[in-house]
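**Q** Following this message is one structure expressed as structure tokens.
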Ligand SMILES: [Ca+2]
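Residue numbers (the numbering used here): 312 to 656.
This is the structure:
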């Protein structure tokens with residue numbers, strides 16, 4: 312598997328932990344976006360689920376979806392009908408927003424790739440086992456302190472505007488992507504495309520037949536699988552829409568194994584809801600430091616962050632960024648370390 316570029320195991324685990332951060336949570340809540348109309352995005356997409364669509368029930372009548380033979384060339388014959396059907400479903404759900412020709416071109420790209428491993432990993436993931444303590448190592452804290460010094464004015468302005476302390480913002484930036492060093496190498500489109508396709512039960516079952524870790528007869532497991540696939544489909548819609556609106560090459564946007572991208576590791580919905588164009592160039596670029604830091608601050612502010620609140624309150628808000636207590640605790644500890652004077656040992 313090629314989803315990680317690093318070879319040593321700790322690096323692998325750390326990177327996974329860095330990358331996973333948002334995928335389960337950074338899309339909850341509602342706020343304003345500087346790009347597009349978030350209210351309309353919510354209303355249109357929030358109720359759309361993969362569960363409402365099954366292969367073989369073509370709602371558009373007798374017209375079997377047809378994709379040029381040159382398309383989907385990287386997919387096996389087994390996968391192609393599902394991918395074709397998925398494309399038709401996206402066309403329908405985005406018909407007011409994205410031209411059909413855009414989607415047809417997108418699905419014809421060589422880069423389209425399916426991996427059932429994304430769903431398998433998402434169902435066997437254990438966030439609590441991540442080695443968060445490593446983010447408190449002295450080398451990282453020193454680098455984060457240097458980052459604060461180097462970006463002092465920017466951070467002060469953002470802190471003043473959103474009411475979120477710069478140490479909290481930098482702590483999140485450190486945990487999510489090691490201050491922008493590791494943003495992930497998986498095409499975001501393929502991640503949500505793969506998760507959406509594995510929402511097809513008969514297809515997914517073929518890939519977990521011999522997997523002892525996934526008991527598909529277990530109701531809890533099945534509920535998680537269903538929720539994850541439906542969530543991924545909604546994120547796929549957001550991603551396609553934002554790629555179209557921004558004129559991005561969809562395959563140039565790369566992120567974590569679970570679809571989080573940019574310095575703050577936002578999922579597409581969070582981009583719509585919380586992305587903030589701090590430098591005023593007319594676009595939200597989560598791979599730029601000013602926009603990324605302001606977007607993190609905007610996220611926390613809109614979720615209710617208050618700088619004069621007590622520690623437990625702040626922890627609860629940070630858990631809205633990533634629904635993990637060890638994560639929130641680590642962010643607070645890093646922020647505390649960043650406020651402390653440099654120690655000599
Ligand atoms: Ca910008």
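All C-beta atoms, glycine included, are put in the ideal place defined by N, C-alpha and C.
#1: Looking only at its chain, what residues have a beta carbon closer than 7 Å to the beta carbon of residue 383, apart from the 5 residues adjacent to it on each side?
#2: If residue 398 and residue 414 are in contact, beta carbons under 8 Å, what's the gap, nearest whole angstrom?
#3: Between the beta-carbon of residue 268 and the beta-carbon of residue 469, is there less than 7 Å?
#4: How is residue 498 classed by DSSP in three states: helix, strand or coil?
#5: Can you tell me where the alpha helix (DSSP H) holding residue 641 begins and where it ends?
#6: I'd like the list of long-range same chain contacts for residue 631, defined as Cβ closer than 6 Å, with 5 residues on each side in sequence excluded.
#7: Just tell me which of 492, 509, 576, 479 has its CA closest to the CA of residue 542.
#8: For residue 594, is the beta carbon positioned less than 6 Å from some heavy atom of ligand 1?
#9: Cutting at 6 Å between CB atoms, please list the residues of its own chain near residue 449, excluding the five before and the five after it.
#10: Tell me whether the beta-carbon of residue 502 lies closer than 7 Å to the beta-carbon of residue 551.
#11: Do residue 404 and ligand 1 come close, with the Cβ less than 6 Å from some heavy atom?
#12: Given 6 Å as the limit, tell me if residue 252 has its C-beta closer than that to any heavy atom belonging to ligand 1.
#13: What is the C-beta distance between residue 495 and residue 567, in whole angstroms, given that I count them as a contact (C-beta under 8 Å)?
#14: Assuming residue 407 is part of the alpha helix (DSSP H), what are its boundary residues?
#15: So, helix, strand or coil for residue 473, using DSSP?
#16: Among 595, 587, 599, which one has its Cα closest to the Cα of residue 610?
#17: From residue 649 to residue 455, what does the alpha carbon distance come to, in whole angstroms?
#18: Give the DSSP-derived three-state secondary structure of residue 572 in the structure shown.
#19: Measure the alpha-carbon distance for residue 479 versus residue 529 and round it to whole angstroms.
#20: In the DSSP output, which residue or residues are listed as bridge partners for residue 577?
#21: Measuring alpha carbon to alpha carbon, tell me which residue in 651, 601, 546, 400 is nearest residue 583.
#22: Hey, out of 647, 433, 598, whose CA is closest to residue 507's CA?
#23: Assign residue 565 to one of three DSSP states: helix, strand, or coil.
#24: Label residue 476 either buried or exposed according to how many other C-beta atoms from any shown protein chain fall within 10 Å of its C-beta, with 16 as the threshold for buried.
#25: Just mark residue 444 as buried or exposed, buried being the case when its beta carbon has 16 or more other beta carbons within 10 Å.
#26: Out of 412, 534, 447, point me to the one whose CA is closest to residue 640's CA.
#27: Got a sec: does ligand 1 put a non-hydrogen atom nearer than 6 Å to the Cβ of residue 602?
#28: What three-state label does DSSP hand residue 507 in the structure shown?
#29: When the Cα atoms are used, what is the spatial distance from residue 420 to residue 549?
#30: What runs of the alpha helix (DSSP H), each 4 residues or longer, lie entirely inside the region 513-566?
#31: Secondary structure at residue 599, three-state DSSP: helix, strand or coil?
#32: For residue 539, count neighbouring Cβ atoms within 10 angstroms of its own Cβ and tell me buried if that reaches 16, exposed if not.
#33: Can you list, in chain order, the residues of its chain whose CB lies under 7 Å from that of residue 500, leaving out five sequence neighbours each side?
**A** Result, derived from the coordinates:
#1: Answer for residue 383: 391, 394, 418, 423, listed in chain order.
#2: Yes, residue 398 and residue 414 are in contact; Cβ-Cβ is about 6 Å, under 8 Å.
#3: Absent from the structure is residue 268, since the part of the chain shown begins at 312 and ends at 656.
#4: DSSP places residue 498 within a strand segment (E or B) once states are collapsed to three.
#5: Start and end: 636-650.
#6: Correct list, in chain order: 614.
#7: If we check each option's Cα against that of residue 542, 509 comes out closest.
#8: Placement of the Cβ of residue 594 at a distance of less than 6 Å from at least one heavy atom of ligand 1 is found.
#9: Setting aside the 5 residues that flank it on each side, residue 449 has no residue in the same chain whose C-beta is closer than 6 Å to its C-beta.
#10: No.
#11: Outside the cutoff, so no.
#12: Residue numbering for the chain in the displayed model covers 312 to 656; residue 252 lies beyond these limits and cannot be assessed.
#13: Right, the Cβ-Cβ distance comes to about 4 Å (below 8 Å), so this counts as a contact.
#14: Run containing residue 407: none; DSSP gives neither H nor E here.
#15: Helix at residue 473.
#16: The candidate whose alpha carbon is nearest that of residue 610 is 587.
#17: One C-alpha to the other measures close to 7 Å.
#18: Note: residue 572 maps to strand in three-state DSSP.
#19: C-alpha separation (whole angstroms): 39 Å.
#20: Beta-bridge pairing links residue 577 to 572.
#21: Nearest C-alpha to residue 583: 546.
#22: Closest in alpha carbon position to residue 507, among 647, 433, 598, is 433.
#23: Reduced to three states, the DSSP call for residue 565 is strand.
#24: So residue 476 counts as buried.
#25: If you draw a 10 Å sphere on the C-beta of residue 444, you find fewer than 16 other C-beta atoms in it, and that means exposed.
#26: When only C-alpha atoms are compared, the closest one is 447.
#27: Yes, the Cβ of residue 602 comes within 6 Å of a heavy atom of ligand 1.
#28: When DSSP states are grouped into helix, strand and coil, residue 507 belongs to the helix group.
#29: Per the coordinates, the alpha-carbon of residue 420 lies some 19 Å from the alpha-carbon of residue 549.
#30: As far as the region 513-566 is concerned, its whole alpha helix (DSSP H) runs of at least 4 residues are 530-557.
#31: In this structure, DSSP gives residue 599 a state outside helix and strand, which the three-state scheme calls coil.
#32: Taking a 10 Å sphere around the C-beta of residue 539, we find 16 or more other C-beta atoms and assign the residue as buried.
#33: Same-chain partners within the cutoff: 550, 561, 562.
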